[in-house]
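In the numbering used here, the protein residues as written are 473 to 635.
We put the beta carbon where it would ideally sit given N, CA and C, even for glycine.
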Ligand code: ADP
């Protein structure tokens, strides 16, 4: 049976933490969808199309990964693509409560879907997309957190916003 997984997230913007999870997660599935979520309640720096294009660029050498924009419930999307697993990252215990709630809700909505969690490599385990944006806003060095071309996009976006 083909094992299909989904890694859902905002990826605003993607970081080395996400990328580490994608690389390791892609080995667990025959096919891994990266589902970029549209969440009207979340104000994002990049549009969903921009986030998709950036993600596609960084995963282009991983053959079993496909990037999609998800404009519906992830449980619904999972049904449509016959995915049985959602992949999420756990950084610290602080992630746990929210993730538990999400995992239980998703399985309630789609009993065929389970969530599996992966621990990030220690060197990636303490930062988030929000932190990266905050550092960049003050022209700090974000080269340890995101690939060089993503860093450029962030600085460019922030400088356009200031104009
Ligand atoms: P969301 O808004 O859905 O939480 P994110 O893009 O912030 O989306 O995160 C997507 C997933 O990636 C989550 O499971 C999150 O725990 C994980 N993640 C985010 N940052 C890191 C990191 N630095 N290391 C490992 N996992 C991370």
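Contact between residue 485 and residue 601 holds, with the beta-carbon distance rounding to 6 Å and staying under 8 Å. Contact annotation: residue 503 and residue 546 have beta-carbon atoms that are not nearer than 8 Å. Two segments are said to touch when three or more pairs of C-beta atoms, one from each, lie closer than 8 Å; by this definition the region 549-566 touches the region 582-590.
Placement of the Cβ of residue 487 at a distance of less than 7 Å from at least one heavy atom of the ligand ADP is found. For residue 631, no beta strand (DSSP E) encloses it; the enclosing alpha helix (DSSP H) starts and ends at 620-634.
Cβ-Cβ distances below 8 Å link residue 492 to 592, 593, 596 in the same chain, with the five nearest sequence neighbours on each side left out; the list follows chain order.
Burial check for residue 473: the Cβ neighbour count within 10 Å stays below 16, so the residue is exposed.
The three-state reading of DSSP puts residue 503 in strand, counting E and B together. DSSP links residue 587 through a beta bridge to 558.
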